[in-house]
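*Asks:* Protein chains in written order, with this note's numbering: chain D, 103 to 415; chain X, 2 to 350; chain R, 1458 to 1715.
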Amino acid sequence: MMPPELHEFLTLDLMPLVAVTASAATLALLGSFLVLRRQAMLGDAMAHSVLPGLVAAFLVTGSRDAGPMFLGATAAAALSGLTIAAIIRHGRVERSAAIGLVYTTMFALGVLLLELNGGANVDLDVDCVLSGQLELMFWNAPTTWAEVLDASSFAGMPPQPLRLVGLLIASAAAVVLAWPLLRAVTFDAAFARSRGLLPAATSAGLMALTTLAIVLSFDAVGSILAIALLTCPPATARLLTDRMGPYVMLSVGLGGAAGLLGYGLATRGAPLLLGASVDASGAVAALSGLGLIVAAVGSRRGRSRPRAPRPGL
Amino acid sequence: MLDVPTASLASLASASVSGATATPAEGGLLEAWARVLSFQGGYNTNVVLFGTILLGISAGAVGSFAMLKGRALVADAISHASLVGVALAFLLHSALGQQERSMPLLMLGAAASGACAVVAIEWISKHTRLSPETAVATVSSSSFGAGIVALSATRRVDGADRAGLDELIFGSTASMTRADALLMAVLAAAALGATLALYRILTAVAFNERFARSKGLPVRLLDAILAALVGAVAMAGLQAVGMLLVAALLVAPAATARLWTTRVAPMVLVAAAAGAGAAWVGASFSAVTPGAPAGPLIIVSAASTFMLSLLIAPERGLLSGWLRHRRIAAAARRVAASEGQPRPRGGAS
Amino acid sequence: MILRSSEDRAPLALRSLSVAYRGVPALWDVSWEARAGSMTAIVGPNGAGKSTLLNAAMGALRPLAGEAFFWGQPFAEARSRVAYVPQRESVDWDFPVTALEVVEMGSARRLDWLLPAWVRRGAANRGHRREARGCLEELGLGAFADRPIGQLSGGQQQRVFLARALAQQADLLLLDEPFAGVDSETEDALFQRLRRLCSEGTTVVAVHHDLETARSRFDDAVLLSGSVVATGPATEVLSEENVRRAFAPGSRSPRQLA
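#1: Under 7 Å Cβ-Cβ, which residues of chain D neighbour Ser1552/R?
#2: Between Met346/D and chain R, is any beta-carbon pair separated by less than 8 Å?
#3: Enumerated in chain order, which unbroken segments of the alpha helix (DSSP H) with a length of 4 residues or greater are wholly contained in the region 60-129 of chain X?
#4: Residues of the region 1474-1496 of chain R with a CB closer than 9 Å to any CB of chain X: list them in chain order, please.
#5: Spatial neighbours of Ala1715/R within its chain, please: C-beta separation below 8 Å, excluding the five flanking residues on both sides.
#6: Which residues in chain D sit within 8 Å of Pro1605/R, going by Cβ to Cβ distance?
#7: Are the beta-carbon atoms of Arg1616/R and Thr1643/R separated by less than 8 Å?
#8: Which residues of chain R have a Cβ atom closer than 8 Å to the Cβ of Arg334/X, listed in chain order?
#9: Let's see if you can read the secondary structure: which residues bound the beta strand (DSSP E) around Met1496/R?
#10: Look at the Cβ atom of Ser285/X, then the Cβ atom of Leu38/X, and state whether they are nearer than 8 Å.
#11: Label Thr1497/R either buried or exposed according to how many other C-beta atoms from any shown protein chain fall within 10 Å of its C-beta, with 16 as the threshold for buried.
#12: Quick one: give me the first and last residue of the beta strand (DSSP E) that Val1542/R is part of.
#13: Thinking C-alpha only, which one of Ser302/X, Ala272/X, Val269/X, Thr290/X is nearest Trp281/X?
#14: Just to confirm my understanding: we take Ala302/D, look at its own chain, exclude 5 residues before and 5 after, and list those with CB closer than 6 Å. What are they?
#15: Give every residue of the same chain whose Cβ lies closer than 7 Å to the Cβ of Thr163/D, excluding the five residues on either side of it in the sequence, and list them in chain order.
#16: Terminal residues of the continuous alpha helix (DSSP H) containing Asp146/D?
#17: What residue from Ala151/X, Val87/X, Arg221/X, Gly98/X has the CA that sits closest to Ala112/X's CA?
#18: Strictly below 9 Å CB to CB, what residues from chain X border Phe209/D?
#19: Look at the alpha carbon of Phe1675/R and the alpha carbon of Arg1538/R, and state the distance between them as a whole number of angstroms.
#20: Would you mind reading off the limits of the alpha helix (DSSP H) that contains Val122/D?
#21: Going by alpha carbons, who is nearest to Leu176/D out of Ala387/D, Ser273/D, Gly366/D, Leu311/D?
#22: If you compare alpha carbons, which of Gly52/X, Gly194/X, Ala225/X, Asp77/X is closest to Met177/X?
#23: Could you tell me how far apart the beta carbons of Leu1695/R and Ala1671/R are, in whole angstroms, since I believe they sit closer than 8 Å?
#24: Any C-beta of chain R sitting closer than 8 Å to the C-beta of Gly298/D?
#25: In whole angstroms, what separates the C-alpha of Ala1470/R from that of Val1639/R?
#26: Assign Thr206/D to one of three DSSP states: helix, strand, or coil.
#27: Quick check: the Cα distance between Thr206/D and Ile189/D, rounded to an integer number of angstroms?
#28: From this set, Ile395/D, Leu215/D, Ala328/D, Trp247/D, which residue's C-alpha is nearest Val157/D's C-alpha?
#29: What runs of the alpha helix (DSSP H), each 4 residues or longer, lie entirely inside the region 1579-1645 of chain R?
#30: For the candidate residues Thr139/X, Ala62/X, Ala279/X, whose alpha-carbon lies nearest to that of Leu143/D?
#31: If contact is defined by three or more beta carbon pairs under 8 Å, each pair taking one atom from either stretch, is the region 122-130 of chain X in contact with the region 342-354 of chain D?
#32: Indicate the three-state DSSP secondary structure (helix, strand or coil) for Val1661/R in the structure shown.
#33: Can the beta-carbon of Pro282/D be found closer than 8 Å to that of Pro1573/R?
#34: Are the C-beta of Glu217/D and some C-beta of chain X separated by less than 8 Å?
#35: Could you work out which residues of chain D lie near Ala147/X, taking near to mean beta carbons separated by less than 8 Å?
#36: Counting only beta-carbon separations shorter than 8 Å, does Met268/X have a partner in chain D?
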């Protein structure tokens, strides 16, 4: 027989833990390229702008199926990406203002859609957009060791964690496969274009993968975690290393660690301190920011860096 | 939308502005909306509406300078970070045994944590290799995460009045009391007054920081003041627009104005007008529409104004740009053709 | 027998090239040919369209009208023979990449863009790595090969970019302000290196800001001010009269030309 504590852990915590960790690692992996291009806000923008697409897909199909949700989210993300580009290019509005304007508007549209149809459904509401629905992800786990070896006991697993693990593997494979290409395109797009490397298509591919990661994360862990994990672990890793390989791996590691630790603190640590558990997605996000602050205060190496002039904020 | 049953409208009109004298809607939604738009929606509705319009005006004015200084997104970080302060202030308040919700106290908490966010962003972009954009994105998202953690902790507090706490995220004029509306109006008016008082200095700094520095203007102090003004507008808009959206109220009207003019005084005026218009339309529509929160409505109307301007503005609009491009391209092709160069054969090496 | 016109042989030939940003012309009706094996400076005031010229030639910007040919072919077909060095400020020098890795981007061939180096341990890979190291050593940066580029000085960074161009073994170098931030000693060495390339048949076209060295170091010059002010031998093109015309306030008025 399996100890009851273990069984309880498998039933209640394993799946959310896998979902949080896998999505944190995936987002940190894809976000590391955004931070390298100094486009951190773009990740923020994408994560906010998918909302109306998600809600519209949900309202049309009436279900939370990943397929239509992804289509809706991709359409919304593409729309806001194009709008941002058009505003910067033609309206001569500065980059950060254009981004801030478009994504808040898209988010407002999403909230509006959600609220106007709020009474009709309880499956998709504002709370679950922000924090996901980790608590619903339980697994009818085996009670004996013999059942662990039995494939049928895995059939009842919730789909979200498995999807997120699959996405992590696929993203990692894509990044490894295209590594020199990604490095060249991210470092020097003008040069890459002169060599025929299609920097625009490469970044569009990266953004599509990022959007997919955001959609799958939304479903499981909510938007707060998605937005924070796209930027905080890469930013932290950026302070700690000057090599691209270690930087990306460190970012993934920090993201995964924030997921594990944050979930643990929220569900096990907080009850000891406060007498009740707190929001796990929020805890992971806050922890990743804390990691950045620790790294920023701890490392003074970046101080004397020569900073290239950039269109900043 | 138009065939919403009258009964539900009536119940809404009374629900949407608490304490408002119920104004049963006769006729359709448009009629009810027109009545609120023309400030005939009852005293309390008007208080909220005027307050929100004042908020729009000062958001436009302050936002213009924030944008000229390239600090538009600081508002976003301030407002996202304010959730921690709100939730902690609430926890502290109820730990002291208070049951009543105190909006000024919540705003104080929000202001404190917003200020911390600004300091953190400044510190990160100054002392590390990370870009200001990365600093804003990380601080605003992770502090919002912390805010959600704190907010989930408030759910454990028994007996306290949590009403309106969640609404601060997305904004709602429905739960605003008259005192709340007055507080909003006073804050917004103060920010507007300070902006107008500092108008000349802010303009100098926004346009040419080096010049301003050489003239001995305290540029760093003015930066801090501008951040404080942005913060004040964000706090004022917390309840009506919500912390996730209030940044857009600072950005959208200013960006709209920028499409129409490049000079500062007209820009501030147009931005203030655009902000006021968005607030007026959004808040009044919210007052007569079932379940539609004011915040998103205000932002969507501000953004619509922007998109329309982007299309039709004379110099910077898409339409005029497209026409200009066509004209120029035709001229370029004429010049190219008149040279009469034979096209070289391709493929030879 | 078909007589080839000169434009079939010119490494770069522009035919009535016009470019606009948002409907405002940046480059108007530029026709010009680079002589094979020569060094040409593209000179002009700020906003004269110097970088625009390079970008439009490579098809990175869509021209309003006109064409650019490389040895008589469009850029897409001549790509492998052209090396481009963007302005130093166009990239983030704090990027986590070493000098050698940057230069390897130049020596990389088609398949080298896939899979990281630790996966591809083949002889071909070692070859392109050795090539890259050779180019760095040639420009005196052998000791800095494994340094992150952020630790290099401005002049060294500029040399890393040039090493990357050398690694491409191209027949035409398009350089955008290659000597910005370079001390005079390094500048001297770089000019000598470029001169040697030219004597081997390579063509160099460089956006350049210093009139003095443009006259003394380059063979030809293109003086731009929105449209072409003069082209030809550098010393003639950059006469005081021409320069005054190009740099005079309000000289850049392609709109009137349109």
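Glycine included, every Cβ here is placed at the ideal spot set by N, Cα and C.
*Replies:* In terms of the structure at hand:
#1: By 1-based counting over the third sequence, the position of residue 1552/R is 95. The sequence as given places Phe at residue 1552/R; Ser does not occur at that position. Within 7 Å Cβ-Cβ: Leu138, Phe289.
#2: Here residue 346/D corresponds to residue number 244 of the first sequence, with the count starting at 1. Cβ-Cβ to chain R under 8 Å: yes for Met346/D.
#3: 75-96, 104-128
#4: Leu1474, Ser1475, Val1476, Ala1477, Arg1479, Gly1480, Val1481, Pro1482, Trp1485, Asp1486, Ser1488
#5: One-based indexing of the third sequence puts residue 1715/R at position 258. Note that Ala1715/R scores a pLDDT of 41, beneath 50, so its modelled location is shaky; the value from the coordinates is reported in the next line. If we look at Ala1715/R and ignore the five residues flanking it on each side, its Cβ neighbours are Pro1482, Trp1485.
#6: On the third sequence, residue 1605/R is found 148 positions in, with the first residue counted as 1. The contacting residues are Asp344, Arg345.
#7: If you number the third sequence from 1, residue 1616/R lands on position 159. If you number the third sequence from 1, residue 1643/R lands on position 186. By the CB criterion at 8 Å, Arg1616/R and Thr1643/R fall inside the cutoff.
#8: For this step, residue 334/X is matched to residue 333 along the second sequence. Neighbours of Arg334/X on chain R, chain order: Leu1521, Ala1522.
#9: Counted from its first residue, the third sequence places residue 1496/R at position 39. Run containing Met1496/R: 1496-1500, per the beta strand (DSSP E) assignment.
#10: The residue given as residue 285/X occupies position 284 in the second sequence. The residue given as residue 38/X occupies position 37 in the second sequence. Going by C-beta atoms, Ser285/X is nearer than 8 Å to Leu38/X.
#11: Mapped onto the third sequence, residue 1497/R falls at position 40. Classification of Thr1497/R: buried, given that the 10 Å Cβ count is 16 or more.
#12: Here residue 1542/R refers to the residue found at position 85 when the third sequence is read from its first residue. Per DSSP, Val1542/R belongs to the beta strand (DSSP E) from 1539-1542.
#13: Residue mapping note: residue 281/X aligns to position 280 of the second sequence, counting from 1. Residue Ser302/X is the option with its Cα nearest to Trp281/X.
#14: As a first step, residue 302/D is located in the first sequence; it is residue number 200 there, counting from the start. For Ala302/D, where only same-chain residues beyond five positions count, there are no Cβ hits under 6 Å.
#15: By 1-based counting over the first sequence, the position of residue 163/D is 61. Non-local beta-carbon contacts of Thr163/D in its own chain, meaning distances under 7 Å to residues more than five positions away in sequence, involve Pro170 in chain order.
#16: Within the first sequence, numbered from 1, the residue matching residue 146/D stands at position 44. Counting along the chain, the alpha helix (DSSP H) containing Asp146/D begins and ends at 142-163.
#17: For the purposes of this step, residue 112/X is identified with residue 111 of the second sequence, where counting begins at 1. Cα-wise, what sits closest to Ala112/X is Val87/X.
#18: Numbered from 1 along the first sequence, position 107 holds the residue referred to as residue 209/D. In chain order: Leu245, Leu246, Ala249, Pro297, Ile300.
#19: In the third sequence, residue 1675/R corresponds to position 218, counting from 1. In the third sequence, residue 1538/R corresponds to position 81, counting from 1. In a straight line, the C-alpha of Phe1675/R is about 21 Å away from that of Arg1538/R.
#20: Indexing the first sequence from 1 puts residue 122/D at position 20. Run containing Val122/D: 117-138, per the alpha helix (DSSP H) assignment.
#21: Here residue 176/D refers to the residue found at position 74 of the first sequence. Note on identity: in this sequence residue 176/D is Thr, with Leu being the wrong assignment. Of Ala387/D, Ser273/D, Gly366/D, Leu311/D, the residue nearest in Cα terms is Leu311/D.
#22: Indexing the second sequence from 1 puts residue 177/X at position 176. Taking only the C-alpha atoms, the option nearest Met177/X is Gly52/X.
#23: On the third sequence, residue 1695/R is found 238 positions in, with the first residue counted as 1. On the third sequence, residue 1671/R is found 214 positions in, with the first residue counted as 1. In this structure Leu1695/R is in contact with Ala1671/R, their Cβ atoms being roughly 6 Å apart against a cut-off of 8 Å.
#24: Here the question's residue 298/D lines up with position 196 in the first sequence. At least one chain R Cβ lies under 8 Å of Gly298/D.
#25: Position 13 of the third sequence, counting from 1, holds the residue named residue 1470/R. Position 182 of the third sequence, counting from 1, holds the residue named residue 1639/R. One C-alpha to the other measures close to 29 Å.
#26: Looking up residue 206/D in the first sequence gives position 104. Correct three-state label for Thr206/D: helix.
#27: Here residue 206/D corresponds to residue number 104 of the first sequence, with the count starting at 1. Here residue 189/D corresponds to residue number 87 of the first sequence, with the count starting at 1. Using only the alpha carbons, I get a separation of about 15 Å.
#28: As a first step, residue 157/D is located in the first sequence; it is residue number 55 there, counting from the start. Cα-wise, what sits closest to Val157/D is Leu215/D.
#29: 1580-1595, 1611-1624
#30: Taking the first sequence and counting its residues from 1, the one referred to as residue 143/D is at position 41. Sequence inspection shows Met at residue 143/D; the Leu mentioned does not correspond to that position. Taking only the C-alpha atoms, the option nearest Met143/D is Thr139/X.
#31: Three or more beta-carbon pairs separated by less than 8 Å are not found between the region 342-354 of chain D and the region 122-130 of chain X, which leaves the two stretches without contact.
#32: Along the third sequence, one-based indexing puts residue 1661/R at 204. DSSP places Val1661/R in strand when its eight states are reduced to three.
#33: Translated into positions along the first sequence, residue 282/D becomes position 180. Translated into positions along the third sequence, residue 1573/R becomes position 116. Yes, Cβ-Cβ distance for Pro282/D and Pro1573/R is below 8 Å.
#34: For the purposes of this step, residue 217/D is identified with residue 115 of the first sequence, where counting begins at 1. Yes, contact with chain X.
#35: Working through the second sequence from its first residue, we reach residue 147/X at position 146. What Ala147/X touches in chain D: Gly384, Ala387, Ala388, Gly391.
#36: Working through the second sequence from its first residue, we reach residue 268/X at position 267. Answer no: the Cβ-Cβ gap between Met268/X and chain D never drops below 8 Å.
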